[in-house]
Every structure is written in structure tokens, then in C-alpha cells.
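In the working numbering, the protein residues as written are 2 to 126. Ideal Cβ placement from N, Cα and C applies to all residues, glycine included.
1. Could you check what DSSP says for residue 77 in three-state terms: helix, strand or coil?
2. If you drop the 5 nearest sequence neighbours on each side, which residues of the same chain put their C-beta closer than 8 Å to that of residue 153?
3. DSSP state of residue 32, grouped into three classes?
4. Cα separation between residue 75 and residue 67?
5. Could you name the residues of the same chain whose beta carbon sits closer than 6 Å to that of residue 51, not counting the 5 residues immediately before and after it, in chain order?
6. Using alpha carbons as the reference points, say which of 25, 31, 27, 17 lies closest to residue 100.
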């Protein structure tokens, strides 16, 4: 399913971005309200945990979209996609309300696109 592929690629891009934040690169203007240009060490840990969760979400959207087949995930993939769709819609709202113009311009549409992909994949999965 095309929405599963688009959603997984967009979420993978976000995961790479969060890896860069976790490594201490100066892209904090695009995340978490733009409060920090370089994430403090505790925030870097949060970024690393976020990457792990994003990679799990990618597996579930690919499963629900029938791009991959992992039998153990069949029964929960659709529900997990609905969860991430809801989470990403809330995330989109938070990005819209961000003080960071960069976060608003870049992360808001990316989050919204990914939310829609998770939602459509869940509905069709």
C-alpha cells in the first residue's frame, strides 16, 4: 500500500533527524519548540528513545499496509497504526503551536502527512 510506504519513509526521515539531534548536532530549532539549538544531554536521551519508538512504528505501518509480513504482528498492527495516527495528529497540533518558525514550517507538514498515512493505512489494513 502506497500510504504505508509514504508514511514509513517520512517517519524514517524523522528518525534520522532525531538521531542527529541525539548526536548533538545543532538542529534543535526544528524540534521540541525550538528551545535548544543543541539538545542538552537529557534531551538527547529522549531523542534516542524516540528513534527506537519511530522504528517500531515503521514496522507496524509496513505490516498493516501489507508491505512486510510478520505473523506475530498481524492482530495488533491496525490498532498500533490508529494509535500513531492519533499521536501524530496531537504532535501536528503541538507543532502548529510551537514558538519555532522552523518547526512550524518543516515538522508540522511532515507530522501531518505521516499522521494521515498511518490513519489511511489503519483504515485499509
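Let me spell this out:
1. When DSSP states are grouped into helix, strand and coil, residue 77 belongs to the coil group.
2. Since the first residue of the chain shown is 2 and the last is 126, residue 153 is not available in this structure.
3. Residue 32 falls in the coil class under three-state DSSP.
4. The straight-line gap separating the alpha-carbon atoms of residue 75 and residue 67 is approximately 10 Å.
5. Excluding residues within five positions, the ones whose Cβ falls inside 6 Å are 19.
6. In terms of CA proximity to residue 100, 31 leads the group 25, 31, 27, 17.
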